[in-house]
Structure formats: structure tokens, C-alpha cells
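Have a look at the structure below, then the notes.
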Amino acid sequence: MSDLVSQLKERFGDGIVDVNAETIDDWIEVTPDVLLDVCEFLAGDSAIKLDMLNCITAVDYLHTDPKKAAKADFDPHMQVVYHLSSIEHKHTLVLKVKVDRWKNGEEGSLPEVPSVAGIWRTADWHEREVYDLSGVLFTGHPNMKRILCPDDWVGYPLRKDYEMPLEYHGIRGR
Amino acid sequence: MGILAAVNRVYWHEFFFMLFAGISVVFAVCVLLTQNIVRMAFYLVLSLGSTAGLFFLAGAEFVGAMQLMIYVGGTLVLLIFGVMLTAQQRYVKMNTHPTDWVLATIVGGSLLVLLIGAAAGVDSWKDASASKKALAELDVDDARTATPLGLALTGVRVDKLDSDDPALANGQSGYLLPFIIVSVHLLVVLIGAAYMARTKRSATAPVGRAERARLNIMQMEHETDDVVYSASKQSSSSLLDSDQSQAEESTDEAQE
Amino acid sequence: MSTKVDDPRVIEFDVRTDEMLINMGPQHPSTHGVLRLILRTDGEIVSEVEPHLGYLHRCAEKIGENLTPRQWVPYTDRMDYLAGMNMNLGWALVVEKLLEHDLPEKARHLRVIISEMGRIASHLVGMGAYGLDLGTFSPFLYAFREREKILDLFEKACGARLTYSYLTPGGATGDLPPGWVDECRDFLAQFKPCIPEFHELLTNNQIFIGRTAGIGVMSAATAINYGCTGPVLRGSGVPYDLRFNGEERYTEMYEGYQFDVIVQDPETGKYPDPHLEEFGDDLDYPEIPKEAILGDCWHRFYVRMLEVVQAIRLVEQALDKYESASGDWGQPIKLTQKLPKGEAYLETEAPRGQMGFYLVSTGDSIPWRVRARSSCFCNLSVTSELCRGTLLADVPAIVGSLDVVMGEIDR
Amino acid sequence: MIGSLVSTGASTVTEFISQNIFGLDDPNWFMYLLCGVIAAVLVLHVIAVGALFFIWAERKIAGRIQDRLGPTRVGGKFGWLQTLADGVKLIAKEDFIPRDADAPLFKIAPYIAFAASFAAFLALPFADGAVAHHVNTAVFFVLAVLGLEVFGVILAGYASGSKWSLFGAMREAAQVVSYEVPLGMCVVIPVFVAGTMNLTTIGEMQAGWFNNWLVFHDPFTFIAAIVYFTCATASVNRAPFDLAEAESELVAGFHTEYSGLRWSFFFMAEYGSMFLVSALASILFFGGWHPPIPIDIWILEAFADPDLVAAGPLKDAVPSLVTFLVMLIGIATLVAKSVIGVVVMMWVRWTFPRLRIDQVMATCLKYCVPIAAVCFVGSMTWETLDLPSMNTINRYEIHEDWSEDLAVSTVGEDGVDPEWPEDENDDESSEVMDGEEAPIEEDSVAVQNGLSLQEGE
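Chains as they are written, first to last, in the working numbering: chain S, 3 to 176; chain L, 3 to 258; chain D, 39 to 449; chain G, -17 to 439.
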């Protein structure tokens, strides 16, 4: 682990924000603007060769009721988690990117993360799903549209503060 | 029994003749009047089909079947095929310009007059009774149509055996030569049509966007493709704790 | 092994015919479930395919944030409803990984029996439905006749035929009833001669080969790039099977079992020989037809057929090990078991590909975030790439060879 | 009663009705109308009952092939009323027309498809005397009308207004038009061997043991029979070639938008033309209405009174009731053979996957047409060189029926026909003609078809 982290640190400097090796699945946290280069390095480097992107997930850290929010040990933010694995060397890696829930604070404008669809083609659909369900915009994505919900759906269902709409095209929601 | 005797004068032969002739004329006119081109093609089918009926009525089964197969079964299938492919929303309606109408009626009318004049000139059609008598004698059942035609095509004029002209008498002056010429001609036309219709395969022609994207993806793949994956029994471990897992793997291999 | 494929179908049309926009689906006999494909065709040649998803989207992940792990188990077997057992296994393993809960010996063998029988049932449906896509109806019914027998066995084990919720975190909801093992052996005995029948009906049927060999060719790099997994990946020659190369917690379940990864050996160009002596000599294998290119529909189909044989071998070994194993069959964890703070991600080799579950918990019994990584979701994303420039009749052949299930894609 | 019905000499059914029922001496127009309607209804029943039976048979056979039972509950033990139940369901179903369909064409399309397949039964002989209308060029007529069925499908495809049915219609048109070529070639081979296009005569030429069947005439006709059956399956849109209504690609092809009775017309047309094509196959290749063992000949010989036998064909030397019985046996045999042909089509349908459109075209142009051509040339050379063949019957004994009255030809042993008008240049002309004609052995008793025309007038 240490040799990889040191390699990344000297290559990307403070882009590598945090490393966590004790948990069950260890992960590296990266800043959004350096994410693209890290991914290119991880996928391109022959020693590491993480050529399979298993899954992209967005986790919304927000407690809706104030009591729990006060006790929580994290302030509200969003995490985009990339699970990578290598077919050739048979090893896996978890990358995390922390973004705040709304872009520079104002409600409704989605946080932005650079898209890795150029490196792994499977990210195309995964990022569309994250955008559709959790509301994270991926800049540079070839076809940023909703994939599961209808195109004119309002709101992002997997966000903690999501309210099911009252009706959709005449169909009762709640 | 009175009714039966009273309406005894209906001759089925004449009735069907009127029916078929009527259908073919009416639908031929409909072809002109309708604007929906698929309907027009369909009316053409009906009118040519009823002319085939006329041939059957006249006892010429072979020519009737020929008309059905060639005109209706062959030409019109292709015509409808073509019309159907182009008859998407925009092209279904086809309204002709009034001046075309005038020009068409002049040309059509003059041809009609010419035909009627020619028809009036045929003397055997003049007195109705002669044709009716001939009609009575014609025994439709044993109309010998196919074989003499076939033989004539291969050069043997079987029906002119007793004519005084010596060449005809021993049956040599059939239609062999024109038949061969026509078949060669058709072959040439067929090959020409096939040549023109073939899809031109040219790599240089401008490639559509989707095609170009696909081609360079294929290109990209072939370079990155020669990485050989080895099938090794090695369970994947998290890269970060790869130091200790390296140790475990070596022990795994040792145990097997 | 690079599969050099120059694209024979690059055809330019001199006369500009306008293209037709057709949508195949969502109610379409050959899309497995509610999948809608927008085809831009020029005559019979398909120039662009765009899948539209979401018709079966129930947002099971949002529900996962309000239920404890054991309560969410029924949602997992409604994802890939043709292989419910393997979905339950995936979720059970990820919860045990978070809890670091270890299983007794007998539970491990029980799980191998059940998951491999589930794989046979799922591949049978895949094979039958693929026959339907190509227009022949009979193999479908032969496949379902065998699948019914497996469902009867599952019904005896857990009471349900399709939505089992049998393999729960901690083990299983109940032990196998007495006599189940012998019935399972009888089933396997009478199932083996059926496999050459399926091969005769489909695999080496000339029309089937004509419709599938050389169609929808996908190179290994494209497969990895699009994240395809399972038979679709192995069909392109990539030797990656999670039962071999998966996580420690998953591969230890197959500890001590003899089986092969079904992939074409690059040198010899042959598939691993199916150990005929164990099956008696009636399992003669059709060799690969000359038109078949590695990575085409035929190979994907053939990989699934061979995996059924490997699954039979596994079940037979597991039955013996299950009978000789001692101890209890793995009591499920408490209904409101407290989850430790942290997160866990684990992928298992489901019949259609790698089914991953990602569980994030902040310390109480209800997980904070539940994520299901669907194998068919990635497998389906390749259709637009594979179907470009093919004929209209090839689209169902290609989508059928990817063997997608919409429940798992839309979640 | 039956005896008189059959043996009223040359009188047709019309005369019989007019004399016995209406008491008129010469039949007037109503008699002809009545007789025409009776004949039409009889032939219509061939298709209606045929479809009824075949739909039930298809379900049963499909069941058996797929290791299940097929319908068992409706009407009796073997579910044989299932088709009636389907019919009632279809009649009860709502028969709607899609909004942007071309209504008149949409309505008329199924009737054209059905009429085309029904019209072909006009010229199809079920036994020696049992034919709706005796067409001299029956084979040609049947082929011509068979080609018309594609119209119904094209119009249905276009008029339904949906893209899918348009696809189905285009595929169907391309397939049927291109399969007419090899079909025509395969049909020409038996016509050439038999020397006539009249189906009744072709059927008569295969009397006697089954080795007289045209399929065993020479290896090329054997292959032609197989190619014929493939092309027939394709031109009738069945089994591996059923692209027009390919469920897995085109939803249901050209009859996607049809429901209820209109849809059943397409279904009836399909089964009608399946029966027709296999009946044609059995007449052209498999001995028509003659059973493999010549029972009909034995019966005729048993009842023939000796003095009439020498005079003319066996048929006339036998009381009319026996000829009627033999005709029934003939009809039964032909129907049995056609049913076998249809069952084979069903069997093929439930075992093979479907071909792709370019493969269908490839099989037609790259395989069926060349093979048919080779068989054509092969059987022609076989016939002209008169190589040994399994058929023992002497084809030239039986002529085209229109020269029936010349059956008892007056040509003596030495090949000279005393009644032939005596002028000297005639012999050369006949030689000349013989030269061009297929070389006929000298001892052939009958007069060549063509020549006798002039006498027949």
C-alpha cells in the first residue's frame, strides 16, 4: 500500500487528500480536479493496470433531522466512490472524491466532478445513473442525461432530503 | 317455373364478359383519378387482373395465366414494392398540375379515337349474330392452347400444316428466331439493371459520423489488444494491503 | 490474442435513402423484459442502436436505506429474478464481510450447492430464451422442463420457486430437508444426457451457427472497457472468473473444489475439456465451427453451455462434502443486528456476470447507503457498440447473447 | 340414384339438375349458377376443413415435438374441437383498424391473400375426374395464382401503417418473388418429363407401382423434388423462412395490426397454400392419386368385363360405380400424401431456428437456383438419351387428354397411320419433325401430340 501511496503522493502532491488502510475496504481520497490524471495513471501504468471500473456510487452524507445532525461526526457532503479492479494483476482499489452537496452552497446547482468516461467506457452509463439518482454532474460526459428515471423527472431520488413529488403526469405520487 | 323461363335470356358468357370488361375499364380510369399512389398501384392490379379474366373467358387459359403471372404477379409486385418504399408521409399524395390534365386528355383522347376507328373497321365484328354463332360452337373445354404455342415457339407451326405455302406446310416457319432474339435481349437488359442497382462499395466515400467513430474505436482496440491475460488461480486482494497479501498468496501457492 | 476483424460491412450507399427511426420495445417479444431499443435503420442495416432503460426501476437502493440487511434480502432476489439464489448469496456475503461473521463448514457447502444449482437454472433459461430469439421454440420448452425440476428442489428447500430469500446473511433460513440430497443426485443423473440434446438442437445446428457465428464480435479490450463480466467477458477470451479470482471471502467458499474457468485457451484454441470420464462418454462436445470468431454470440452461448457442466461437477462434489460436514447449517444473524461503522464492497460470480453489493453503515442497524452493481447493466451498454452496421435480425441475436435481465438493470 | 348420377353419359351435373329436379330439358342460366356455386362451395370446404384440421394438427405435433401434450380438453379426448374454439374466439374478437392505416386497403388485403390461395385450388385435380375446372395448362395456372398471394401480404404490410409491418411486407415480397424462380424451374422438370402441363395427365402417367412415380424417374428429379419442397416452404412462408411474421424481430410482421376474423383469413390462406403446395408436390413427384401399391388398378381389372378392355383405357371398361369408388380412393391417397407434406413442414418449423433475410436470399440464389438448373439439364439429358430409369410405364401411351379421342390411334405396326392423308411429302415432314422432336422409338404406337392436332380439328 505504502509504495502506491508514496508513488501517488510524489506524482500528484496534495491531490491525494487522505488514505485509510485499516477499514475492511481501504480507500484513497482524491480532490476532484486531480481525479482525471490519477485515473489515467492508474489505468495506464502497466504495474497497476486497473483496467476494469467495477462501480461508481454516490453516497449522500446528510442527516435530515437536526438532532442526529448535531451528533453526527461529519458535516453534510457528498462522496463519489470509484471501485476499480485489474483483470491482469487481480487486485482492487477504492477511490473516493468528496464534493459538497450543492455547488458553492446555493440550492439546485449540482456539484461537478470530471467524467472518466474517456478512460473506461463503462463509466458512461454509471455516471449517468449517479447523475440521475444522486444529482452529481460529470463535466465532459458525452451524453449527460437521466438513464433510469424519465427525462422530465424532477429531483434526485437517492439524496437524503428528497421528497417524492405529489403527482407525475397525473399519476398520484404520495 | 315462370320466373326461370322468363329470365332465361341471360347468357353467362356475356354477363362475365361485361363484368370483366367493366372492371378493367373502371379501374383503369380510377388509376388516373386517384391521388394516393398506393391506391393507384392497387387499381392497376385490379384492372390487369380482370383483363386476365377476359383471356380466360375467351378460352385462352395459357395466355390468361401468362398475363396473371407476368403482369400482375411480376411487374406490378415490383411496382407496388417500389411505390411502397417511397410512399412515406410526404410522398403519398400526388396532385397533378391542371395543365398536365389538359395535355393528357388531348393525347389520350386522340389515341382513343384512333382505337375506336380501328375497332369499327374490323368486318367480322360488324354483325353480332356471326360472333354469337361462333361463340356457341366454341367448346371451351378442349381449347388447345399450350402445345401449339410451344411448338410454334420452337419453330414448328403446327396449326398451318395444311396451308398451301410449302414452307408453312412442312411446318418450318415458326417463331424460333424472334423468340431467341427476345430472350437474348431480355438477358442483356437483366444484366444491365443488376449492374446499375448494385450498392457501390467505396471506402473513400465520406463516412457517416457513427461509422467513423466506430472505425477508430476498432482501430484503438487492436493496438491495446495484444495484452495476454494469464489464467492464474490468484484471488484478488485490495491493492493497498498488497504487501501482506503478497505474503499470503505465496503461502497459498505453497499449500496447493 | 488480438482478434483482427476488418469490418466487412462498411458499405456506403450512393443513393441517399432516408433512415427510419424504429423503436424495438418496450413491449417486444425478443427484448428480455421491458427494454426499449431505438434503432436508426437504413433498410435492413441498423446504423445506430440506443437502449432506453428504467421501465422496471423500483429504486430498491432507496428502500435499502430504510430496512435492516435481513429485511432487504427479498429485494435482492427480485433483481435478477432468474437467479434469485445467487443474488441472495451476494448480499449475504457483503453483510458478513462488514460484520466479519464467519460461517460454519456445512453452511459453506450448502451455499455452493444452492448457488451452482441456481446457475444451472439461470443458464437453462438463458439458453431457451436465446433459442426463442432466433425463432426456434422447442429448446425453450426442453430447457424449462429441466428448470422446473430444479425449482421443485428449491421449493422443497425454501418453500419458494422464484423469490427464495433463502441464503440470508449468516447462513440460510433453514437446513435442506432430509432426502433432498438424494433427489438432487437423481436430478443430476437424469439431467446429464439432456445436455447433448441441447447441443444437438442448438449449438451445432447449422442455422443456429449461421445466425450467431461471427455476429456481434467483441474484442477482449472492448469487453473490459465496457465493464462486461461473466460469460460475456469469458466469451471474448478473458480468463476472469470471480470464483477463482474474486475476493478472499468469496473464493474461500470454493476451497477444495475441482472446477475450471470456461475460457478459450489462446494457444490451443480449445475450451477446457469437460472431464468426460466423470460424466461417462455420452457427453461428446461439439467442436468450435470454423465461422465462429472469439468474442461472437456463438462463443458467449457456448461458454454458458459449458458452465452448466462445470456447475454439475461442483454440485456433485458439494453434495458429498455437505453430507460429510458436521456442525449446524449457519443460523441467520438477528433481524435487527447492529452494523459496525464502515463500508464493504464485494462482488460474486452471478450467472450473468459479477454482481456487486456496496454497503455503507454509520453504526446503527439500518445501513446508511446500499448500492447494487448490476452485471447486465454493463453488459447491455455494449449493444450500441456491437449492433452498429448489423442487420435488423442480428439485433435480437446480439441482445439475446448478452443474456440481460431487466430487473437487475433497472433495480 | 348414384349410378344414374354418374352414368348420365356426357351430361354434367347441370343437366342432371335441370332434368331431374326442375324438369327443364336444356339447362338455363340458373342451373349453371347453381352448379357453379356448388362447385365453389365444395372447393372452399377443402380449405376450410383443411385449415380446421391443420391448425389442430400443428398444435398437437408441436406439443409432441416439445415433449408436451397439446390441446386435450376442448371437445373430446384429443382436443380436436380446439380449432373451432379458436374460430369462435377470433370471431368474437374486436376487429379494429389502426388510426393511420389506409382503411380500404387494410380491409381488402386479407381477402386478396385468401382469394389467391383459394383460386389455385380451381385447377388442382384430386383424382382422375375430380377437378373443379379442367384447365389444360393447370401447372402454369397454379404457379401464376400462387404468385398473387404476395399481394395480400404487401398491401397488408403497407396499409397497417406501422413500420414493423412495412418491414414484414418488404421481406415477404423479396422472398416470394425471388423464390418463384427456383420453384418454377423445379416444376418444369416433371412437366418436361411428362410432356404436358395438364395435372390430370401428369397424375395418370404415374399409375402402377410406386416405382412409376416421377421422383424415381432419375436421380435429378429426386433432387428436384427436395429442392421443390424447400422452395415451396419458402414461398409459402413457413419454417426456417418465415421472416415475414418473425415474432422475435418484427413483433408479428405484416399481420401485427390485424385481429379477429381478418387475421384468421391470413391464417387460412397460409394453411390453404401449404396444402396446395404439398398437393402439387405429390401430383408432380409422388404419384398423385395413385397409392404406392396399385390397388386401384387391381380393382379396375377385377371388375372390367373382358370385351371392352381391348377397346380403350381400362377406365371405360368398368361399371361407373367402380370408377367412382376408384376415384374416391384416389382422392383419399392424394389428401394423405398432401397431409404428409404439410406435417413435414410443421415438423421442420418446430425444430429449426429462423434464417436471416440475407441468408434466405443466399439460399435462394446461391443454392436453390443452381441446383434446380443442374437438375433441369440433368433430367433433360436423361430423358432425351432415354437412359434406364425406374419408371416402367411407357409415357407415350398416355397423351394429353385433349387428344383423348385419338387414344385408340390407328397407326399400324409399321408406324404408318392409314388414316393420315396420303400425300407424298408428308413422310419427310413427319421425319423432319421427328428429327427436331425428342427422338421417339420407331415402335411407338401413338401419334405424336403435336401432329395429331390437325386431325383432331
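Ideal Cβ positions, reconstructed from N, Cα and C, are used throughout, including at glycine.
Check                                                                                                                         : Outcome
Among S/P159, S/R174, S/V118, nearest to S/A45 - alpha-carbon criterion                                                       : S/V118
D/N417, buried or exposed, once every other Cβ within 10 Å from all chains shown has been counted against 16                  : buried
C-alpha gap between S/V7 and S/H93, whole angstroms                                                                           : 15 Å
Short CB-CB distance (under 8 Å) between G/W191 and chain D                                                                   : no
Cut-off 8 Å between Cβ atoms - residues of its own chain near D/V219, not counting five sequence neighbours on either side    : L357, Y360, E361
Per DSSP, the bridge partner or partners of S/D20                                                                             : S/E31
Environment of G/I322 [buried if 16+ CB atoms lie within 10 Å]                                                                : exposed
Residue nearest to D/Y207 in terms of C-alpha spacing, selected from D/S413, D/L94, D/C414, D/V133                            : What sits at residue 207 of chain D in the sequence shown is Pro, not Tyr. The option with the nearest alpha carbon to D/P207 is D/V133.
Backbone CA spacing between D/M291 and G/V324 [nearest angstrom]                                                              : 55 Å
Closest by C-alpha distance to G/A98, when choosing among L/V74, L/M198, L/A169, L/L21                                        : L/V74
Span separating the alpha-carbon of L/K95 from that of L/W103                                                                 : 16 Å
Residue environment, L/F17, which counts as buried when at least 16 other CB atoms sit within 10 Å                            : exposed
Min CB distance S/D35 to chain D below 8 Å                                                                                    : no
Span of the beta strand (DSSP E) around S/D62                                                                                 : 54 to 63
Partners in chain G for L/L70, counting only beta-carbon separations shorter than 9 Å                                         : F123, A126, V127, G129, L130
CA-to-CA distance, D/V72 to G/A141, given in whole angstroms                                                                  : 28 Å
Neighbour flag for L/I2 against chain G, beta carbons, 8 Å                                                                    : This structure cannot settle anything about residue 2 of chain L, because the visible part of chain L is limited to 3 through 258.
Check: L/L116 C-beta below 7 Å from any heavy atom of the ligand GTP                                                          : Summarising the ligand content, the structure contains no ligands, and the ligand GTP is consequently not present.
Three-state secondary structure (DSSP) of G/N180                                                                              : coil
Nearest to G/F257 (by Cα), restricted to the options G/V163, G/E283, G/V56, G/F211                                            : G/F211
Touch test, the segment 136 to 155 of chain D against the segment 165 to 176 of chain D, Cβ-Cβ under 8 Å, three pairs minimum : no
Residues near G/E423 in its chain [Cβ-Cβ closer than 6 Å; skip 5 each side]                                                   : Residue placement at G/E423 cannot be trusted, given a pLDDT of 40 that sits under 50; the coordinates are not used to answer.
Contact set between G/Y253 and chain L, taken where Cβ atoms lie within less than 9 Å                                         : Chain L residues near G/Y253: none, gap ~21 Å exceeds 9 Å.
Members of the segment 126 to 147 of chain D near chain S, C-beta cut-off 9 Å                                                 : K135, L136, E138
Neighbour-count burial assignment, G/K59, 16 or more Cβ in a 10 Å radius                                                      : exposed
Beta-bridge partners of S/Q81, as assigned by DSSP                                                                            : S/V61, S/K100
Distance between L/R41 and G/L87 (C-alpha atoms, nearest Å)                                                                   : 8 Å
Partners in chain G for L/F64, counting only beta-carbon separations shorter than 7 Å                                         : T119, F122
One or two residues paired with L/A122 in a DSSP bridge                                                                       : According to DSSP, L/A122 bridges with nothing at all.
Bridge partner(s) assigned by DSSP for D/T79                                                                                  : D/M58, D/V84
Near-chain D residues of the segment 8 to 33 of chain S (beta-carbon distance less than 9 Å), N- to C-terminal order          : T25, I26, D27, W29
Secondary structure of D/Q369, DSSP reduced to three states                                                                   : coil
For L/L80, the first and last residue of its enclosing alpha helix (DSSP H)                                                   : 78 to 88
Neighbour flag for D/N242 against chain G, beta carbons, 8 Å                                                                  : no
Exposed unless 16 or more other CB atoms sit within 10 angstroms - verdict on D/T374                                          : exposed
Beta carbon of D/G122 nearer than 8 Å to that of D/T211                                                                       : no
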